[in-house]
Every structure is written in C-alpha cells, then in structure tokens.
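K.L.:
Okay, handing you the structure first.
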Ligand code: HEA
Ligand code: HEA
Ligand code: CUA
Ligand SMILES: [Cu+2]
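Below you can see the structure in the form of structure tokens.
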C-alpha cells in the first residue's frame, strides 16, 4: 500500500451537509405550514424534498467516487461499518417506541379503561359500557365498527416474501464473494422484485382495510397502532428497496469486488433489520 | 406604587435578617413541609425529616473530608502529592455504606406508600373531583350535591395588573369551598374533563393527577377542623396558576347542615329556571356567569386572545342565530378548549350568559334567551 | 490528483464558506461552542423574564400565556440548545486530541450534525411569532394540553425531529471515533475519563432519542391524522406519552451530566497533581448510572396513579442511582486527598460541581422516595433540585472545561483574576437564586405559575435578585472568552503544571489537523 492509502481519509470541506439541512428545514417548515392550512406549504415541501434528494444523490456520488478511487483504507471502512451498525441500532430504538406503545395499550391502558386491575372505578364510572377486548377502538368507538386485519391472508404471504428476500440477498452476497457476477446481480434483482411485491401487497392490504373492514387511522387505538407500525415498516421497506435498486445498478456497472463492497453489505444489513421488524409485526400486530 | 411596595418588602427582608418576612406573610411563614392533618401527611412528614437528616449527615461527612483536604493538602502549604491511585477496600466500603443507608430509608418509605394506597377500605364519604380548565367540580356521590369551585372574585379582580398585597388569601380563595367532616374516611375520586390537572392539598400529604378518561383515587381522614388550601399542581394551560382548592373541615353536624343547605339551594335554582326572566335581570346574572366561567379565555372585555381564544366581540356566531350560539356554548367544540357548558351550568346560567354575550361586550343583537329555550335544547 | 495524500497541507478555506463547508473537528467544535453560548444567553434571557415576573406577586410584565411560553422555551433552549451542544462541542475538540486521532471518524457527517442545530433553533424560536404563540405546555409537552398549541404545534414537533437527528448523528460519530480512531496503544482502559463518559453518553443518546422522536410523531398523528394514541376515547392513554417522554427524558438528564462528570474528572487530577483515584471504578460507575437511568423513568410520575408495585419498583431503582454516583463523588474526594492542590478557575468550578451537584443529588434521593415525592412533585422543590444538578452540575462543568482548555484552544491564557471573579459571583448568586426555591416548594408553591400567593413573596424576591445578578455575571465569562481569543499572554503547550494527556503534547493552539501521525501511547 502506498502512503496515500494508509492515511485516514479526511474529506475536504463540503457544502452538501448544509444543503441537506436547508432541504430538511424547507421540507419540515413546508409541512408545518401545510398542516396549518397554508397553501404555499405543499410547494415548500416539494421544494425541500427535491433539495434533499439532490443532496443525497450528491453525497452518495461523492462517497462512491472516493471509494472507487481507493481513498478509503481499512480504518475508514471500519468507521463506515460501525456507523451503519449504530444507525440501525437507532432505528431499533425508534421501532421500540411503537412496539412499546402496542405493549402498553394492550396490557395496561385498554384493560384499565375497562376497569381491570386497580382501575375498577375508571371502567365502572367513566366507561360503563366499554368492553375491553382487543382489538378495540376504545370506549368512544372512534371511527365506528371495524374489523381487525387477519394474519393468515396477505400478511402471511408477505412474511414468506420478505423472508425469501432475506435469503436472496444473502445468496447474492455469496455470489459476490465467489466473484460470480451473475449470481450477484441475479440475487439482487430477485431481492428488489420481492421487495416491490411486498410493497404492492401491503398497499392492497391497506386498500382492503380502508374499503372493506372500515379500518382506518381513526379506528381508535387498534387502527392507530396498526397503521403506525405497518406504515413505518412499509416506509423502511420502500427505502430499502430503493437502496437495493441503486446497488443493483451499481453492480451492473461493475462496482464492488469480493473484498471491497461495504455499500452492498450496509444495505443488506438494513434489509435484514427490516425483515426482523416484520417478524415482530407479524407476531404482535397480526397474529397475537 | 410598585416602588414603595417593593421597598417595604426589601426592608422587611433585610432589616430583621433573612428569616423575617413582612407582617402579612409572617402568618403563613414556613420553610418546611407542614406536618399536616392526616395520617398520610404525618407519615410523609416523618419520612421527609428522616431523609433530610440522612442527607445532612452524609453532607457533613463528604464536605468535611473535602474541605479538610482543600485546607491542608494545598500546594501553597507545601503539600506534596501522594501517589496512590486506588484501594479496593475503601472502594467496597463506600459502595456498601450508601447501599445500606438506602435500604434503611426504603423501609419506612415502603410502609408510607402502602398507607397511601389503602384506597380500597370502606369510605364514609365519596367525593368526585373533576378538573376543568380552570376550575374544579365537586360531586358528593351519595348526597346528590354538586357544584363548581372557581377562583374567588377578590383575587380575580386584581389578578390582571392590580395590586394583590391587600387581598386576603390571594389566589388561594374560591367561591365555593369543599366542605367535609373531620375524622371520617373520605375517598376522593379524581378525574378531568379536558387536560391533565392535579389535585393537591399539602396539609393532606396527597396529590393525585386528574387525567381525562381515567379515575384516580386518594383518601384522607382529617383530624383537625380548619380551612386547608392548595392549588392545581399540573400545568394545565394559561390559568394553571389560578385554580385553587379550598377544603373546609367541620364537625359532623355542621357538615350535615351544610349539605342540607346546598340541597335546598339546588331546588331553588330549579324553580328559578321555570319562571320567565326580564332582560335586565338576565344581563346582570349573565355578567356574573361570564366573569367566572368564560372570561378566563375570552377575556373580561370579550376580546379573546388572538390565535388561541376567539373574540366574543363581533363574533359571527354570537351575532348570528340564537341556535348556533346556544349550540357552541352548550356543546362546546371537540378538540378545542371550548367546553360543553351544558354539563356545567344551569339552564338559567346558560340563558343569562348567552343573552349577556349578545348584548354586551360590544355586541348589540338585541334579543335575549330564556331558560326555557335552553331546556328545550337539552336532550 | 487524489486529495488524500496532500489534504493535510491545506489550511482552512477563508470567509463564510469555511464555516459552512468545514469538516474539521476544531472548526465544528468552535461552532458548537459558540452556538451553545449564544443559546445560553437566549435561554437565560427567558429565565430572567420568568424571574422578573415572579419578582413580586401580581402580574406586572407578561400575561400568563406568554409566561408559559417562556418556561417552555427556556427549558428547551437550555437543554437542547445550550448544554447538549456545549458538550458536543467539547467532544469535537477534545476527543480526537485526547485519543490521538487526526479528526472525527466521519467529518462530513459531523458538519451535518452541527448545521441541523442552528436551523432547529431558528425553527423553535420562530414559533414565538406565530399565531397562538410559542409552545406553552412545558418542555415535557404532555398531551392533551400540548394539543391546544396554536400554529406552533407542528413546528415544535419538527424541531424535536431536527434536534434528534442532530444528536443521533453526532452521537454515532463520537462513538465511532472512540471505537475506531484511537492511537495505537490507547486501549479502552487507558482512555481519559472524559472520553469514557462521552462513549457511554453517546450510547444513551442513540438508545433514547429515537424513542422521543417516535413519541412526538404520535402526537403529530393524533393531532392531524385522527389517531388516538393519547386519547382515552379511542382506547389510548395520555399517560402513555409520559412514559415515552420520560423513557427519553430521564436518560436525557444523565446525557447532560455524564460528560460533565467527565470534564471535572480531567480537571480535578490536574490541579490536585495526582492521578484520578479509582479510574476503573469510575468507568464502571458511569456505565452503571447509564444503565440504571434507562429503567427509572417513572419516578417523574409518582402521582399519575400507578399501581403500587410500579411505585415501589421505580422508587427502589431510582434511589439505587445514588450508589454509583456516590462512588464518583468519593473518587473525586480521594483524588484530592493528599494531593497538592492549587485553585485556578477550572478547579474552582470543578469543586463547585462536587459540592453543589452533590447537594442536588441529595434532593434527588429525597424525590426518588415515592411518598415524599408526592408532596414535592410539581413544586418549586423540583425546580431547585434540577437547577442544582443542571446548572451547578452541567453548566459549572462546562465553565470548568472551558477555562481548562481555553489556553489550549486559543493559544493565550485567559484572565485569571476575571475568571475567579466570575466563579465567586456565579456561585454565590446561584445559591441566592435557587436555594430559597427549596423553601418555596416545601411551603407549597407549585411550579409553572406566573403569580403566587402572598406568603411566597419574600423568597421569590430573593430568588429573583439572585437571578438578575447571576445573569449579569455571565457577561464576565463572555468578556473573558473574547479577551482570550484576541490575545494575551501566550500559553505553553502544557499549559498546566504536569497536566496528563495527549492534548498537552500538541502546540497551543494545536495544528489544524491534529495528529497527522498517530502518537504512540505506552
Ligand atoms: C443533570 C441533571 C439531573 C441529574 C444528574 C439528576 C439526578 C437525580 N434526580 Fe433529577 N431531575 C432533573 C435533572 C437531574 N436529576 C430534572 C431536569 C428534573 C425535572 C424534570 C421536569 O419535571 O421538568 C428532575 C426530576 C427528578 C425527579 C422527579 C420529581 C418530580 O417531578 O416529582 C426525581 C424523582 O425521583 C429525581 C431524582 C433524581 C435522583 C435520585 C438523581 C440521582 O442521580 C442523584 C444521585 C446523586 C447523589 C445522591 C449525590 C452523591 C451521592 C453520595 C454522596 C452518596 C451517598 C448518598 C446517599 C446514600 C443519599 N429527579
Ligand atoms: C440546562 C438547563 C437549564 C439552565 C442552565 C437553567 C438556568 C436557569 N433557570 Fe431554568 N429550567 C430548566 C433548565 C435550565 N434552567 C428546565 C428544564 C426547566 C423546567 C421547565 C418546565 O417547567 O417545563 C426550568 C425552569 C425554570 C424555572 C421555573 C419556571 C416555572 O416553573 O414556571 C425558573 C424560575 O426561576 C428557572 C430559572 C432559571 C434561571 C434564573 C437560570 C439561570 O441560570 C440563567 C442564567 C441567566 C443568564 C445566562 C442570562 C444572561 C443574559 C443576560 C445578562 C441578558 C443579556 C441578554 C441577551 C444578550 C439576549 N428555570
Ligand atoms: Cu389545573 Cu393546573
Ligand atoms: Cu429523572
């Protein structure tokens, strides 16, 4: 290795982070204005989103350029690995908030509202007609009568799809390690397709929920937790699938070697994380 | 005005040393928790005292060592630094001792919690307390007596920029006090209508949050007759500082007499709703109701607070149809601070306040509303 | 050609673009510290509005709604705008210097974490000018009250999201730097205490910040998209928000104080001329505090009507924190014991922390004891407790660290006379400001009220006088910093007699890129 490669790469100054902040700020400010009913809000949101996209594109291009130019030594590679790992940890904490919410309402607040435990009077005096069985839309029966989403139709199918996609991405990784480009790209393509399929089914399921089960965000705590958890998960699948698609196109361009392909691995980690979250969802949201 | 008041206070303060206040404050002077008048408050007071002494003793030890080394182990005194860096024995000792101290304080603390939570025992009286923005509602569950308790007019009149120094029990006085008998086990059921409040009387040693949709419990058994004051203890919006609690503990017989009076007054109120009211009468009563029930938000002059509480002056709803006006006052508006006053005010009060809003505060619609109109709108 | 080999030779860009684009840990550290100081003055000015209104009973200056806005913004700005950024600023400056790294591990990301911060601050402060005013439901933003906020509501939430991103990205960067960028020979158990405390703090941040982000997201959907997480009519529970908030909020206070512990663990050994006593137990105690801090959150909720088992559990777990914190205090004492002490300004502030933070800890244990907390809760006793821990814990440590490293950063000695004056006036006025609040709380004065009953008048006046003095005195600090930046007696590399640590091996000020060649640590 040359001297250049052994030095830790410290990038030159960059305007990208500042642009990204400006984009996020515009996006949020626009969203806030939109929620307050200002008509310019949605335009600002759009603008902010575009700025953000440009920034993300620029940032990743810079990283890819530097990586392909061989500026990153092993220590830099380690930094990226650790940071991705901790980023995923922060995502775990984010989902933990929503799983914790589900746990709390099912085991504490709903039974208490129904008068169980030490809260007998809450039920008796405040919600005499409330029957605290899950799924529920609460003593006020918000959103009207609804049906819960069953576990064994589309959700079960989606479980199989997502688990297989975890397998195909690993298969792609094996391909890369063996320097079998066909297996690598084919595995990636399959993963992206499975991801897209998952999103499609999820959308179908939402449509079914809205039109036939009268299950909406307004359906009390069941609807709230259901859509919040599956919605944030769906968003993560979408982001993951887009990232996989980028990796796929980079693979077609000949990027990644058997011993230098952290970008691929990072996305794969992320994908497995999304997978595990889904298992949690399937068990706690749909099944139990 | 500002100046002289300030300087008398400062004189009172600095003159006789820091521990003496001015005359009016002296009466209620206190630097510490009050031992209170219930079993719980006494247990809490004892525990508090214990904790304080534990802390004082530890503090003397810790700071004593520290100041000793500051005095003696300083370079200017020629101290030469020792070289030691750790000592397992000492470290184990100073991990263990605090642990043991904490076990020592945890035992009485556990007992006190168990005492507080004995809500299940049969109570002699049950009172339901509901927090509203910004008043309390009290219901004697077995007596068919219920009423609202607002900040007293004496405090209300000076709270916006006036001089409170002459007001007796400033901010700690209400229009309708809660009256209870001594030496009876009283069970309080606590909830709220809008946001979270907290019902706190220091002398009872208890505070419980009033949470909309939930029913909390606490109990008290008061052993000394007297007037006990407290305040809402959970931030509940603009007038959080203006929702005092006053409980008067009386002998059993005085208490019964008071209940009887309250029941009689309720009957009289019902009778009044039956008659037809003259406009002047309505407006006079309406002004009173407005000032106690509405002015906190819509302001005494009807101007509201832009962006938070709409103005009554010139409001389209107020100057529009009686029906629409009655509707928002009686049913409130979901998701806003505007409450459903049908549940809080009598027919007469609603008729009066609506009439008042239509013909005062800069409005002059001209018509008025009768209690019977309100009654007709109740389901 | 490639930039990796010769970027070291480059100095900074010039002009405003240097600051917008910089990837240098010292530049970014400077910006963090400057923003923190500015925010300290803004948040402090709001505190002075509070103290001015509370100077005497009756309403004189502001209306109750605006008062609540001041309380809310004061806390949010002090916590998220002043103390946390100051600590991140210290981490940026010192962590690479102390572990012998060329820079932070992810320099571009570092720039991003920083710039999110002033933008978030602007968003937060701008709510003051919106219809309905700034958020006024307290920094704890409990529903349903917070849902009565006017137009500011979504901006409050997005501010939290921006600040949260800033903190999480910053924390990731710090952890990765500490794990991955240590000079050869710098094993974990050789790291300076400040680095250790930040490693643990960063872990806490990543674990709890996202939960807060999730909680406020639920507030947002409850408000605008019809969900009912915190609405009992739909089967939700307003108290659920309190659990989520404090699951974040309690660790948050340790996020502010653990780096402070780290700071004074650097300062005390230097001025006692004796190594830190019980280094290993300090590390374990810090980890234990962090762990415990994540399982005690409901001690802020002893009055919400928890089942008795919950109250007992949270009480026991809470008071247990006194044990590892005590270990830290005792270790500082043992470090001073038989040392050879001098009392320059950094040391004075560090001693201030040991005395007054410990005092705040004592009241903490009194409050951790559930039955007594039922009395103290939401009274000025709490306000006194947390200013003793936050101001004389975190802020004093920040002053201590600032005086300690100012000569290293600027290359000039600060004015020792003014520094000492700053310390003594600050310490005295602080106690005049907050000690009486214990009495007020015990006598029954609730917190978050703009006006109060007459028996509370005297101590409130004392407290306010202390507050004004405290505020004015901070201008001395500003002056000392400006003076030191502009020049003065040049500082040596070592600055303090026999100071330990890699940062003292570099010149004062250190070169733009710290350790181009990793130092060898034996
Ligand atoms: C830096 C910030 C900081 C720190 C370090 C602490 C430290 C502690 N805090 Fe504090 N706290 C706050 C900031 C902080 N707190 C804030 C901001 C609030 C209010 C939030 C709001 O409502 O707005 C709050 C509120 C708060 C409450 C809620 C009160 C209420 O609202 O009813 C409680 C209750 O248990 C509590 C307890 C404790 C305890 C037990 C510690 C312990 O960690 C203290 C441990 C330290 C010591 C004990 C001293 C040293 C030890 C020894 C010398 C050993 C021997 C000692 C003994 C055996 C006693 N705190
Ligand atoms: C790190 C956090 C931190 C810090 C440093 C402080 C610092 C101070 N706090 Fe803070 N405070 C909190 C965190 C903090 N506080 C929190 C979390 C709450 C709870 C909020 C809630 O209930 O939701 C709170 C609440 C709170 C209250 C209770 C309010 C209420 O319940 O209604 C009070 C009242 O006295 C108060 C006072 C002060 C004062 C006087 C200072 C002083 O130390 C400030 C020092 C002053 C200055 C530094 C001013 C310098 C400015 C000038 C000299 C003027 C020049 C001006 C410009 C250039 C703009 N604070
Ligand atoms: Cu009601 Cu505060
Ligand atoms: Cu806490």
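Chains as they are written, first to last, in the working numbering: chain G, 451 to 738; chain P, 632 to 1010; chain Y, 160 to 681.
We treat Cβ as the ideally placed atom computed from N, Cα and C, and that holds for glycine.
(1) Run down chain G in chain order and give the residues with a C-beta less than 7 Å from the C-beta of residue 327 of chain Y.
(2) What are the uninterrupted segments assigned as beta strand (DSSP E) that are 3 or more residues long and contained completely in the stretch 782-865 of chain P, given in chain order?
(3) Assign residue 659 of chain P to one of three DSSP states: helix, strand, or coil.
(4) Return the Cβ separation of residue 490 of chain G and residue 483 of chain G in integer angstroms, given the expectation that the two are a contact with Cβ distance under 8 Å.
(5) Using a Cβ-Cβ cut-off of less than 9 Å, give me the residues of the stretch 276-297 of chain Y that come near chain P, in sequence order.
(6) What separation, rounded to the nearest whole angstrom, lies between the Cα atoms of residue 185 of chain Y and residue 664 of chain G?
(7) Report back the beta-carbon spacing between residue 878 of chain P and residue 811 of chain P to the nearest angstrom; my notes put them in contact at under 8 Å.
(8) Under 9 Å, CB to CB, which of the residues in the stretch 378-397 of chain Y have a partner in chain G?
(9) Does DSSP put residue 737 of chain G in a helix, a strand or coil?
(10) Would residue 669 of chain G count as contacting chain P if we go by Cβ distances under 8 Å?
(11) Just to check, is the beta-carbon of residue 762 of chain P closer than 7 Å to a non-hydrogen atom of ligand 3?
(12) Assuming residue 683 of chain Y and residue 213 of chain Y form a contact by the criterion Cβ under 8 Å, report the distance between their Cβ atoms to the nearest whole angstrom.
(13) Can you tell me whether residue 597 of chain G is buried or exposed? The criterion is at least 16 other CB atoms within 10 Å of its CB, across all chains shown.
(14) For the stretch 178-198 of chain Y, which residues have a CB atom closer than 7 Å to at least one CB atom of chain G, in sequence order?
(15) So residue 512 of chain Y contacts chain P; which residues on that side make the cut at Cβ distance below 9 Å?
(16) Counting beta carbon pairs with one atom in the stretch 713-732 of chain G and one in the stretch 570-580 of chain G, are three or more of them shorter than 8 Å?
(17) So residue 696 of chain Y contacts chain P; which residues on that side make the cut at Cβ distance below 7 Å?
(18) In chain order, what residues of the same chain lie with their CB nearer than 6 Å to the CB of residue 565 of chain Y, ignoring the 5 residues before and after it?
(19) Report yes if the C-beta of residue 553 of chain Y is less than 7 Å from at least one heavy atom of ligand 5; otherwise report no.
(20) Does any C-beta atom of chain Y lie closer than 8 Å to the C-beta of residue 715 of chain G?
(21) Using Cβ-Cβ distances below 7 Å, what residues of the stretch 333-359 of chain Y are close to chain A?
(22) Between the stretch 854-880 of chain P and chain Y, which residues of the former have a C-beta closer than 9 Å to a C-beta of the latter?
(23) Using 7 Å as the cut-off, classify the Cβ of residue 544 of chain Y as near or not near the heavy atoms of ligand 4, replying yes or no.
(24) Please state whether the Cβ-Cβ distance between residue 614 of chain Y and residue 542 of chain Y is less than 8 Å.
(25) For a quick check, are the C-beta atoms of residue 705 of chain G and residue 462 of chain G less than 8 Å apart?
(26) Touching or not, the stretch 512-526 of chain Y and the stretch 379-390 of chain Y, by the rule of three or more beta carbon pairs under 8 Å?
(27) DSSP three-state label for residue 996 of chain P, please.
(28) Here's the rule I'm using: 16 or more other beta-carbon atoms within 10 Å means buried, otherwise exposed. How should residue 794 of chain P be labelled?
(29) Mind checking who residue 645 of chain G pairs with in its DSSP beta bridge?
(30) Run the CB neighbour count on residue 699 of chain G, radius 10 Å, all protein chains shown included, and call it buried at 16 or more, exposed below.
(31) What number of angstroms, rounded off, separates the C-alpha of residue 668 of chain P from the C-alpha of residue 834 of chain P?
(32) Return yes when the C-beta of residue 840 of chain P is under 7 Å from any heavy atom of ligand 1, and no when it is not.
(33) Can you check the stretch 733-789 of chain P for any alpha helix (DSSP H) of at least 4 residues that lies completely inside it and give the ranges in chain order?
(34) Pick out whichever of Y:576, Y:408, Y:259 has its Cα sitting closest to the Cα of residue 663 of chain Y.
(35) Mind pulling the alpha helix (DSSP H) runs of 4 or more residues that sit fully within the stretch 627-690 of chain G?
(36) Using only Cβ atoms and a threshold of 6 Å, which residues come within that distance of a heavy atom of ligand 4? Order them by chain position.
P.N.:
Walking through what the data contain:
(1) In the third chain, the residue the question calls residue 327 of chain Y occupies position 168. What residue 327 of chain Y touches in chain G: 540.
(2) 809-812, 817-823, 828-832, 837-841, 847-851, 857-862
(3) Locating residue 659 of chain P in the second chain gives position 28, counting from the first residue. Because the pLDDT at residue 659 of chain P is just 47, under 50, the model does not fix this residue reliably, and the value given afterwards should be weighed accordingly. Reduced to three states, the DSSP call for residue 659 of chain P is coil.
(4) Locating residue 490 of chain G in the first chain gives position 40, counting from the first residue. Locating residue 483 of chain G in the first chain gives position 33, counting from the first residue. Sure, about 6 Å apart at Cβ, within 8 Å.
(5) 289, 290, 291, 292, 295, 296, 297
(6) In the third chain, the residue the question calls residue 185 of chain Y occupies position 26. In the first chain, the residue the question calls residue 664 of chain G occupies position 214. The alpha-carbon atoms of residue 185 of chain Y and residue 664 of chain G are separated by roughly 57 Å.
(7) Counting from one through the second chain, the residue named residue 878 of chain P turns up at place 247. Counting from one through the second chain, the residue named residue 811 of chain P turns up at place 180. Confirmed, about 6 Å.
(8) 379, 380, 381, 382, 383, 384, 385, 386, 387, 388, 390, 391, 392, 393, 394, 395, 396
(9) Your numbering for residue 737 of chain G matches position 287 in the first chain. Here residue 737 of chain G sits in helix by DSSP.
(10) Residue numbering aside, residue 669 of chain G sits at position 219 when the first chain is read from its first letter. Answer no: the Cβ-Cβ gap between residue 669 of chain G and chain P never drops below 8 Å.
(11) Counting from one through the second chain, the residue named residue 762 of chain P turns up at place 131. Yes - ligand 3 has a heavy atom lying nearer than 7 Å to the Cβ of residue 762 of chain P.
(12) The requested residue 683 of chain Y does not occur in the structure, where chain Y is confined to residues 160 to 681.
(13) In the first chain, the residue the question calls residue 597 of chain G occupies position 147. By the 10 Å Cβ count, residue 597 of chain G comes out exposed.
(14) 179, 180, 181, 182
(15) As a first step, residue 512 of chain Y must be located in the third chain, where it is residue number 353. By Cβ distance, chain P contributes nothing, its closest Cβ being about 12 Å from residue 512 of chain Y, past 9 Å.
(16) no
(17) Since the displayed chain Y opens at 160 and closes at 681, residue 696 of chain Y lies outside it and no answer follows.
(18) The residue given as residue 565 of chain Y occupies position 406 in the third chain. Closer than 6 Å at the Cβ level, and outside the excluded window around residue 565 of chain Y, lie 573, 643.
(19) With respect to ligand 5, the structure shown offers nothing to examine, as its ligands consist of ligand 1, ligand 2, ligand 3 and ligand 4.
(20) The residue labelled residue 715 of chain G in the question sits at position 265 within the first chain. No, no contact with chain Y.
(21) Protein chains in the displayed structure are G, P and Y, and chain A is not among them.
(22) 860, 861, 862, 863, 864, 865, 866, 867, 868, 869, 870, 871, 872, 873, 875
(23) The sequence position of residue 544 of chain Y within the third chain is 385, counting from 1. No; taking the cut-off as 7 Å, the Cβ of residue 544 of chain Y has no heavy atom of ligand 4 nearer than that.
(24) Here residue 614 of chain Y corresponds to residue number 455 of the third chain, with the count starting at 1. Here residue 542 of chain Y corresponds to residue number 383 of the third chain, with the count starting at 1. In this structure, residue 542 of chain Y does not lie closer than 8 Å to residue 614 of chain Y by Cβ.
(25) What you label residue 705 of chain G is simply residue 255 of the first chain in a count that begins at 1. What you label residue 462 of chain G is simply residue 12 of the first chain in a count that begins at 1. Cβ atoms of residue 705 of chain G and residue 462 of chain G: not closer than 8 Å.
(26) no
(27) By one-based count along the second chain, residue 996 of chain P stands at place 365. Reduced to three states, the DSSP call for residue 996 of chain P is coil.
(28) By one-based count along the second chain, residue 794 of chain P stands at place 163. Under this definition residue 794 of chain P is an exposed residue.
(29) Along the first chain, one-based indexing puts residue 645 of chain G at 195. In the DSSP output, where bridge partners are listed per residue, residue 645 of chain G has none listed.
(30) Residue numbering aside, residue 699 of chain G sits at position 249 when the first chain is read from its first letter. Counting Cβ neighbours within 10 Å, residue 699 of chain G comes out exposed, since fewer than 16 surround it.
(31) Here residue 668 of chain P refers to the residue found at position 37 when the second chain is read from its first residue. Here residue 834 of chain P refers to the residue found at position 203 when the second chain is read from its first residue. Whole-angstrom Cα-Cα distance: 6 Å.
(32) Working through the second chain from its first residue, we reach residue 840 of chain P at position 209. No, ligand 1 has no heavy atom inside 7 Å of this Cβ.
(33) 784-789
(34) For the purposes of this step, residue 663 of chain Y is identified with residue 504 of the third chain, where counting begins at 1. Closest by alpha carbon: Y:259.
(35) 631-661
(36) Y:409, Y:412, Y:458, Y:459
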